[in-house]
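J.: Here's a structure for you.
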Amino acid sequence: MKNRFIITISDIHGSKQYSVHEIIKKIIFFTVLTFLLIAVGTFFYIKFLNNKVDELRVETDHFKQEVITLKATSASLKEENKQLNVLKQQLVALIDENTDKLDSMKSHLREVEEIIGIGPDVNASFADRVQQVKVHEEETKKKIVENLQNEVKQAKVSAIEKALLLNSIPNGKPLHYKRIASKFGYRIHPVTHKKSFHAGLDLPAKHGTPIYAPASGVVVYADRKGAYGNFMLIAHSYGFKTAYGHLSRFAVKSGDYVTKGQKIAYVGSTGRSTGPHLHYEIRYLTKWVDPKPFMFWNLDNINYITDKIDTVNWTSILKQTEKLISLSTK
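Okay, so the sequence shown: first residue is 28 according to the working numbering, each after it adds one.
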């Protein structure tokens, strides 16, 4: 009994006992143990295989994704390669076009070099030749600018001279008049009815019409004077004087300095006169000159007076003007 192993099996009908020898008991134990080990080993092996399968599935998915990416990259590279081929063709065309332009520029450069007289240097590069032309152009521009500056300076001096002359020498109309009733020169006097020299112009106008200074100067006389009636004499620059007769009244007095365009007197009929008018004279040094050309002399026809009046030493006047301007600009 000691070396036996009893197995009891019970059911609804009762219980039965079976006795097994100890060796058989060991065989059964080891058999069961072996199956258990096999089962456990199989379970872990299957789990290992499942993990491997999962890893392979992940790697497969990753590989598929890489394949998709590579296909997309391949397509992109093909498109870029296509664009590069187009760009290459464009660059080749551009190079050909620029080569033609460069050849044309070289031809024009040779023409420019010949025109400006520097001559093409066969040993110089195209860039050096262009630089030589640029330097020559800069020098030419500099000379042109200097010449223009000199011309502008001369023009400014000329403008100053003109302004000084027109401000200092009688010019323009001294009043608003209707007509010239009596000209400069010999005539039959309207009062004495005798032939006599008329030293000025008679300019009829309404009584009280304002009279204006035709140039800047100093009033040297403003009073009554014989047949002139109320008489005014103004001394201007360069030896010129202007005289005004038959005035109704004066707007300035003897010794006053008047500027061009300033009101100096009013039209009247004093002295030997047949009606209201201005007797207007211009004197140069000791001579009377015809006032009419001076009345139509202005900035627009600055040289007009020198052709009309030859009794005036215009050369001396211009030299004096230049000297004055030179002294004032120092």
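Don't be surprised by glycine CBs; every beta carbon is placed ideally from N, CA and C.
1) Quick check: what's the CA-CA separation for Ala305 versus Met322?
2) Quick check: the Cα distance between Thr35 and Ile51, rounded to an integer number of angstroms?
3) Mind checking which residues open and close the alpha helix (DSSP H) that includes Phe321?
4) So what does Tyr331 bridge to, in DSSP terms?
5) Can you find a CB in chain C that lies within less than 7 Å of the CB of Lys109?
6) Taking all protein chains shown into account, do 16 or more other C-beta atoms lie within 10 angstroms of the C-beta of Ala285, making it buried, or fewer, making it exposed?
7) On the DSSP bridge assignment, give the partners of Tyr265 in chain order.
8) Measuring CA to CA, which of Thr301, Lys287, Lys43 and Val316 is closest to Asn325?
9) In chain order, what residues of the same chain have a beta carbon less than 6 Å from the beta carbon of Lys252, not counting five sequence neighbours either side?
10) Please say whether Ala262 and Ala278 have beta carbons closer to each other than 7 Å?
11) Whole-angstrom Cβ separation of Ile329 and Lys189, contact assumed at under 8 Å?
12) Nearest-angstrom Cα distance between Phe267 and Glu165?
13) Taking 7 Å as the limit between beta carbons, can you name the residues of its chain near Glu308, skipping five residues before and five after?
14) Measure the C-alpha to C-alpha separation of His234 and Arg276 and round it to an integer number of angstroms.
15) Answer with buried or exposed for Asn78, where buried requires no fewer than 16 other C-beta atoms within 10 angstroms of its C-beta.
16) For the beta strand (DSSP E) that contains Tyr293, what are its first and last residues?
17) Does the segment 236-246 come close enough to the segment 206-225 to have 3 or more Cβ pairs within less than 8 Å?
18) What is the DSSP secondary structure of Gly253, reduced to helix, strand or coil?
19) Restricting to Cα atoms, I'd like to know which of Lys222, Val294 and Leu193 is closest to Tyr265.
20) Beta carbon of Tyr255, beta carbon of Gly272: below 7 Å?
21) Can the beta-carbon of Ile344 be found closer than 7 Å to that of Pro320?
22) Please check the pair Ala242 and Ile187, which I expect to be a contact at CB under 8 Å, by giving their CB distance rounded to whole angstroms.
23) Just to confirm before moving on: does the CB-CB distance between Val294 and Ala232 stay below 7 Å?
24) Who are Pro237's beta bridge partners in DSSP?
25) In the DSSP assignment, what are the bridge partners of His40?
26) Assuming Ile215 is part of the beta strand (DSSP E), what are its boundary residues?
27) Taking all protein chains shown into account, decide if Thr301 is buried (16 or more other Cβ within 10 angstroms of its Cβ) or exposed.
T.: Quick answer:
1) A small correction: the amino acid at residue 305 is Leu; Ala does not occupy that position in the sequence shown. Between Leu305 and Met322, the C-alpha separation is close to 14 Å.
2) 16 Å
3) Looking at the DSSP string, the run of the alpha helix (DSSP H) that includes Phe321 is Pro318 to Met322.
4) DSSP lists no partner for Tyr331.
5) No chain C appears in this structure, which consists of one protein chain only.
6) As written in the sequence, residue 285 is Val, which differs from the Ala given in the question. It counts as buried.
7) Answer is none; Tyr265 lacks a bridge partner.
8) Cα-wise, what sits closest to Asn325 is Lys287.
9) Phe258
10) no
11) 5 Å
12) 51 Å
13) Ala226, Gly227, Thr269, Ala270, Trp315 and Pro318
14) Our two residues, His234 and Arg276, have alpha carbons roughly 10 Å apart in a direct line.
15) When all chains shown are included, Asn78 counts as exposed.
16) Lys290 to Val294
17) no
18) helix
19) For Tyr265, the nearest C-alpha among the options comes from Leu193.
20) yes
21) no
22) So it is not a contact: roughly 16 Å between Cβ atoms.
23) yes
24) Tyr293
25) Answer by DSSP bridge pairing: none, since His40 is not bridged.
26) Gly212 to Ile215
27) Around the beta carbon of Thr301, a 10 Å sphere encloses fewer than 16 other beta carbons of the protein chains shown; the residue is thus reported as exposed.
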